[in-house]
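Numbering (this note's numbering), first residue to last: 25 to 159.
All residues carry an ideal CB built from backbone N, CA and C; glycine is no exception.
As the structure is a prediction and not an experimental result, all values here were calculated from the model.
Since the structure comes first, as structure tokens, the remarks are kept for the end.
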């Protein structure tokens, strides 16, 4: 099969068309996309109203959505966006300011791990004592 070859002009034309297209706002939304587009307003409404009331208000306005589906979309959106925020914040914390500071951080991490191990050992010893007394 012969491979099709494209000119630089064609590629430039397509790139330009895609850039123009990317600037145009979306005009058609799925139900999930509609909920995500209104998330700020939905969050505000949920501060004072239940999922049932919010879904009924949306139904009255023309968006047929059940309480369960609304809750599913809202929780999914929250989960997606809070995990992204956590990842960003973890990346920021993971960057050492200097090598001296980095060594200090490593020492603190090792110390914390040792502390956790000690606490875990004490708990398991206490559990063993309690179990043997119960017998």
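By Cβ distance, which residues of its chain are closer than 7 Å to residue i, with the 5 residues on each side in sequence left out?
| i | result |
| --- | --- |
| residue 53 | 61 |
| residue 95 | 75 |
| residue 80 | none |
For residue i, does the three-state DSSP call read helix, strand or coil?
| i | result |
| --- | --- |
| residue 87 | coil |
| residue 75 | helix |
| residue 31 | coil |
| residue 53 | coil |
| residue 98 | helix |
| residue 59 | helix |
| residue 106 | helix |
| residue 81 | helix |
Please confirm if residue i has its CB atom under 9 Å from at least one CB of chain D.
| i | result |
| --- | --- |
| residue 43 | Considering every chain present, this structure includes no chain D. It has just one protein chain. |
List the whole-angstrom C-beta distance separating residue i from residue j, where the pair is believed to meet the contact cut-off of C-beta under 8 Å.
| i | j | result |
| --- | --- | --- |
| residue 3 | residue 70 | No statement about residue 3 is possible, as the shown extent of the chain runs from 25 to 159 and does not include it. |
| residue 43 | residue 97 | So it is not a contact: roughly 31 Å between Cβ atoms. |
Starting from the Cα of residue i, find the closest Cα among the options and give me that residue.
| i | options | result |
| --- | --- | --- |
| residue 102 | 83, 35, 67 | 67 |
| residue 58 | 45, 93, 73 | 93 |
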